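Enquirer:
Protein chains in written order, with my numbering: chain Y, 1 to 101; chain G, 1001 to 1633.
(1) Can you tell me the Cα-Cα spacing of residue 61 (chain Y) and residue 45 (chain Y), whole angstroms?
(2) Could you pull the start and end residues of the alpha helix (DSSP H) that residue 1140 (chain G) belongs to?
(3) Which word fits residue 1332 (chain G), buried or exposed, when buried means at least 16 other C-beta atoms lie within 10 angstroms of its C-beta?
(4) Is it buried or exposed, residue 72 (chain Y), if we count other Cβ atoms within 10 angstroms and call 16 or more buried?
(5) Determine which residues of the segment 1583-1615 of chain G have a Cβ less than 9 Å from any Cβ of chain Y, and write them out in chain order.
(6) Going along chain Y, which residues have a C-beta under 8 Å from residue 1173 (chain G)?
(7) When the cut-off is 7 Å and only beta carbons count, does residue 40 (chain Y) lie next to chain G?
(8) Would you kindly work out how many angstroms separate the C-alpha atoms of residue 1185 (chain G) and residue 1146 (chain G), rounded to a whole number?
(9) Within the chosen definition, does the segment 1393-1403 of chain G reach the segment 1357-1374 of chain G through at least 3 CB pairs nearer than 8 Å?
(10) What does residue 1620 (chain G) reach in chain Y if we use C-beta pairs closer than 9 Å?
(11) I'd like the span of the alpha helix (DSSP H) that includes residue 1602 (chain G), first residue to last.
(12) For residue 1089 (chain G), tell me which candidate among G:1108, G:1113, G:1098, G:1058 has the shortest Cα-Cα distance.
(13) Could you name the residues of chain B that residue 1617 (chain G) contacts, counting a contact when the two beta carbons are closer than 8 Å?
(14) Answer with yes or no whether the minimum CB distance from residue 10 (chain Y) to chain G is below 7 Å.
(15) Beta carbon of residue 1349 (chain G), beta carbon of residue 1262 (chain G): below 7 Å?
(16) Suppose you measure from the CA of residue 1125 (chain G) to the CA of residue 1341 (chain G); what does that come to, to the nearest Å?
(17) Three-state secondary structure (DSSP) at residue 1537 (chain G)?
(18) Beta-carbon of residue 97 (chain Y) versus every beta-carbon of chain G: anything under 7 Å?
(19) Considering Cα atoms alone, identify which of G:1421, G:1362, G:1381, G:1310 is closest to residue 1344 (chain G).
(20) Is it true that the CB of residue 1105 (chain G) sits closer than 7 Å to the CB of residue 1250 (chain G)?
(21) Give the straight-line distance between the Cα atoms of residue 6 (chain Y) and residue 80 (chain Y), rounded to the nearest whole angstrom.
(22) Note down the Cα distance separating residue 41 (chain Y) from residue 1608 (chain G), rounded to an integer number of angstroms.
(23) So with CB distances below 8 Å, who are the chain G contacts of residue 94 (chain Y)?
(24) Going by other Cβ atoms of all chains shown within 10 Å of its Cβ, with 16 needed for buried, is residue 1248 (chain G) buried or exposed?
(25) Going by C-alpha distance, which of Y:39, Y:30, Y:34 is nearest residue 12 (chain Y)?
(26) Taking the beta carbon of residue 1492 (chain G) as the centre, do at least 16 other beta carbons fall within 10 Å, making it buried, or is it exposed?
(27) Among the residues of its own chain, which have a CB less than 7 Å from the CB of residue 1212 (chain G), if the five just before and after it don't count?
(28) Look at the alpha carbon of residue 1082 (chain G) and the alpha carbon of residue 1269 (chain G), and state the distance between them as a whole number of angstroms.
(29) Kindly list the residues whose CB is nearer than 7 Å to the CB of residue 996 (chain G), restricted to its own chain and excluding five residues on each side of it in sequence; keep chain order.
(30) Three or more beta-carbon pairs under 8 Å between the segment 1421-1432 of chain G and the segment 1316-1334 of chain G, yes or no?
(31) Using DSSP with H/G/I as helix, E/B as strand and the rest coil, what is residue 1491 (chain G)?
(32) Give me, in chain order, the residues of the same chain whose beta-carbon lies closer than 8 Å to that of residue 1038 (chain G); leave out the 5 immediate sequence neighbours on both sides.
(33) Going by DSSP in three states, residue 1664 (chain G) sits in which element: helix, strand or coil?
(34) Pull up the distance between the alpha-carbon of residue 1312 (chain G) and that of residue 1245 (chain G), whole angstroms please.
(35) Residue 1441 (chain G): buried (16+ other C-beta within 10 angstroms of its C-beta) or exposed?
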């Protein structure tokens, strides 16, 4: 079987949808966070696939940037989650409704 | 004219305002100081007016002192003072008669709680009236016109705890507003047509081109007359004046003699050039309204029993005379009568006030009587003023009334109907005034209070004596010649000084018919009053006249008529307007907008759950929507 661009893109779309589903339905902040990372990486996968099949390195450069920024984001995000947990003794989103006045 | 001299008129105008301001701001707790300030201001104004006239003469070289007040587009309005015999004479009357009334007030109001407020109002009133007198343009005149309305409101309603006084001041103010509305429209018409508000500019323009107002000539005249009809209480806006008696008696004297009601007639004379344009029908209407008011008021006065109300209707009647004189192309007689009337009507009111105080606020003439012996000064001065009002020679009223009668007989503008009407009013005038004198001052005591009456103190009788002098002598001072200089062009009357007997004889020489009829009218009125009221214990007229006397007593039911028509209609309109305001504007407009906004807000608020995942879901939904919109089509 010859693996083409479409296969990669389908996998990427599947991963993205799974990630989105996770963000929408899971209750634990950490799991939501992991789902978010999954969405980011599905985008990375699509970029790499485009880069490979179009013989254009721009996509791969973009992926490096995304990985770097995502690492920084994870650091900030996890720190926020820890801070939230310390304050509220919970990491469940239903309990975190302080955005509503 | 040098600067020092030209400051004087400004001082005359603003001193009373200064007094009013100082009293209101600083001395509201000090009765004596407030009274002195107010009296001092008006007396100083009088003194300065005399000095100014002595130095600059009756016809100053510089006829106008003005500074620019407003400059909007092509409308330029000055704040200026107009100085001619007309305004200078009025200046003397307002400050002179007003001054006597101020002094008298200090005696009359001595027992009152709020003397400072009273004197502040009095000073403001004087200031406003001086402003009208000195105004050199329509806008300034109108501003002071309204100020007179406001200050009269404050003074008529001085005893505001009494419902009747509170109603009376509202009535006076609203009735005046009605007239002022017409006046304002008239000013607009004049300005639109002639492009100026300054009196002398307007006069020049109209002399140049008498048809400048075109089809609006009559309308402009009548609209301006509306203002005068309000202030000078002419039919059909006459109803406020008798009710204005609710104020303190000196205020009545001030309103009736020197200020307020004089403003209307003065204004008509000031803008006489606008009214006398050939082809204008305004003067005819004015003459007949004046004549009708004179007759109506005189008839009502015959059957009133309140001493102040008799005098009030007498004022109405005399104002009718003046307005009629203006309508008969006779501003000179009108102003002459205004002047003499100011003297003797102030005297009459102050005399009435003296009686009222002596009888502890009793105003019914049928509860007086026998005051001749107990209050000699009041009685004699009152009698002098009565004689002057009736037009007995050689008192001042005779000369001015005679000139009005003569004006009615003139071949050119006269009207025999108005002449007969005026003579009839003269009969009635004498009749009701001597009815008052016979019942209130002569005969037996009609009540216990009258038996114990005592003469008023010197602070009250002093002004009476001072006012008695011009009441008797003003006819010999040539005041009419002075006014004549303003209105009669050429040298017709100028510069003739007459000796006193020439003065006395001149009415009989100029217009013998008028003078003779006037004298006959006085005699007829006097003997009729003597026959009916000398030693009468009660009024014999109601039995003799029946329904007519009843109608006179009830003021020909004008108040009731207005109540049933004007006020009813007004209430109806007000109710409709209230309904529209309450349900359409406030209900649908304001509350509708507010309600819709709030409802939408409440609905949107439901979406703000605070739950992270709801937001994320909505966000995704939005993205999906955009994607579908961009790609799906």
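For glycine and all other residues, C-beta sits at the position ideal for the given N, C-alpha and C. Values in this document were obtained by computation on a predicted structure and should not be read as measured data.
Expert: Looking at the coordinates:
(1) 13 Å
(2) 1138-1156
(3) By the 10 Å Cβ count, residue 1332 (chain G) comes out buried.
(4) exposed
(5) 1608, 1609, 1610, 1611, 1612, 1613, 1615
(6) Residues of chain Y passing the Cβ test: none, with the nearest at roughly 54 Å.
(7) no
(8) 15 Å
(9) no
(10) 20, 23, 24
(11) 1592-1605
(12) Of the listed residues, the one whose Cα sits closest to residue 1089 (chain G) is G:1058.
(13) Here the protein chains are Y and G, and chain B is not one of them.
(14) no
(15) no
(16) Residue 1125 (chain G) and residue 1341 (chain G) have their alpha carbons spaced roughly 19 Å apart.
(17) coil
(18) Under the 7 Å criterion on CB atoms, residue 97 (chain Y) is classed as interfacial with respect to chain G.
(19) G:1381
(20) yes
(21) Each residue's Cα considered, the two are about 38 Å apart.
(22) 31 Å
(23) 1611
(24) Residue 1248 (chain G) sits buried, since 16 or more C-beta atoms from the chains shown fall within 10 Å of its C-beta.
(25) Y:39
(26) Only weak support exists for where residue 1492 (chain G) lies, its pLDDT of 47 falling under 50; the value from the coordinates is given anyway. Around the beta carbon of residue 1492 (chain G), fewer than 16 other beta carbons lie within 10 angstroms, which makes this residue exposed.
(27) 1193, 1194, 1205, 1206
(28) Across the structure, residue 1082 (chain G) and residue 1269 (chain G) are spaced so that their CA atoms are roughly 14 Å apart.
(29) One cannot answer for residue 996 (chain G) here, as it falls past the ends of chain G, which runs 1001 to 1633.
(30) yes
(31) Any reading at residue 1491 (chain G) needs caution, since the residue's pLDDT is 42, under 50, leaving its predicted position unreliable; the model's value is listed next. If DSSP states are grouped into helix, strand and coil, residue 1491 (chain G) belongs with coil.
(32) 1016, 1019, 1020, 1023, 1102, 1119, 1120, 1122, 1123
(33) Past the edges of chain G, shown from 1001 to 1633, lies residue 1664 (chain G), and the structure says nothing about it.
(34) 7 Å
(35) buried
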